[in-house]
Amino acid sequence: MRIDTVWRNSLFFLGILMMNACQLQEKKSHEAPVVKKENIDALLVNYEILKKEIIAYREASSSQNISLKSIENKLFSTISNEFYTYWKGTTWTFTGHTETPRRGEIACGYFVTTTLRDAGFVLNRYKFAQDPSSTIINSFCEPRSIKRFTGFGRLENYLEEYSGSQLFIVGLDNHVGYLTLENGQAYFLHAGYTGVREVKKEKIRESDILVASKNYMIGNLLQNEGLLKKWKTASRIHMIK
């Protein structure tokens, strides 16, 4: 075979190989990226460990003479941040009542009462969740801290009176959740029924549910010496309507 013929054949096969390689690369570029699925079982194991640690902290709070301020800080961090990392993305439905993060579905009232229970408060989460949000607020919040407003602007003005880390329970026209103040920013932590229907934590102005409500009832959860003492002694929280 002549050398120029061999050379042309070599170029031909090289072209085929390059074309196949390009086609393979193009195919790969159009494939969806492989996303590693979160290990829910491991997450739930860690959640159970967290709950046990909270109960252990509660039991130690008396024998070690832990201050109410330290308890307040612990509960704030637990509910507003640690619990949220587990519950975020849990699906909302009107009838949802799961007590397991990321599994099943949960309604707004059950999200609040379940996380309160898991934080060490002794309550009947079913009865509280099935009552109006005013019952939760009246039962858990210091009466002097409970306020009612009409209009989102007045709610914003009220929150501006506070500084530092704060945790509130807020009831809307037909919804309930937590309001948190962290590093000068206010967030709405709730099981939301608009947009992506799930547990979420939003800046208050970015929450369409919060902004659209006409009426607000709010109470400061943790600036309540009586409630913290009940938590410390594992005393049952009774309903106040």
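One gets this note's numbering by counting positions in the sequence shown from 1 and adding 7 to each. C-beta atoms are modelled at their ideal positions from N, C-alpha and C, and glycine is treated no differently.
Report buried or exposed for residue i, applying the criterion of at least 16 other Cβ atoms within 10 angstroms of its Cβ.
| i | result |
| --- | --- |
| D125 | buried |
| A193 | buried |
| T121 | buried |
| F101 | exposed |
| H182 | buried |
| N46 | exposed |
| V206 | buried |
| Y54 | buried |
| S170 | exposed |
| K210 | exposed |
| G111 | exposed |
Output yes or no for whether 9 Å exceeds the beta carbon distance between residue i and residue j.
| i | j | result |
| --- | --- | --- |
| F118 | A219 | no |
| G127 | I62 | yes |
| K236 | R243 | no |
| L162 | I216 | no |
| F156 | Y223 | yes |
| S74 | L196 | no |
| W99 | Y185 | no |
| K208 | Y91 | yes |
| E132 | A241 | Per the sequence shown, the amino acid found at residue 132 is Arg instead of Glu. Cβ atoms of R132 and A241: not closer than 9 Å. |
Please name the residue or residues paired with residue i in a DSSP beta bridge.
| i | result |
| --- | --- |
| F175 | L186 and N227 |
| V206 | A198 |
| T157 | N222 |
| T98 | E112 and E205 |
| Q137 | None; Q137 has no bridge partner. |
| A193 | L188 |
Ignore the nearest five residues each way along the sequence and tell me which others in residue i's own chain have a CB closer than 7 Å to its CB.
| i | result |
| --- | --- |
| F83 | S172, L174 and L229 |
| E89 | L57 |
| D180 | S220, K221 and N222 |
| P40 | Unreliable positioning characterises P40 in this predicted model, as indicated by a pLDDT of 36, which lies under 50. A coordinate reading is not provided. |
| T107 | L51 |
| K239 | R65, S68, S69 and I78 |
Go through its chain and collect everything with a Cβ distance to residue i's Cβ below 6 Å, but skip five positions before and after it.
| i | result |
| --- | --- |
| E149 | N231 |
| S152 | G226 and N227 |
| S214 | F195 |
| F159 | V218 |
| R204 | W99 |
| G116 | A136 and V183 |
Apart from the five residues just before and just after residue i, which ones in its own chain have a Cβ nearer than 8 Å to its Cβ?
| i | result |
| --- | --- |
| S141 | G178, M224 and K248 |
| H245 | S146 |
Assuming the contact rule is C-beta atoms closer than 8 Å, residue i and residue j should be a hit. Round their C-beta distance to whole Å, please.
| i | j | result |
| --- | --- | --- |
| G103 | A114 | 5 Å |
| R109 | L50 | 7 Å |
| S69 | I78 | So it is not a contact: roughly 11 Å between Cβ atoms. |
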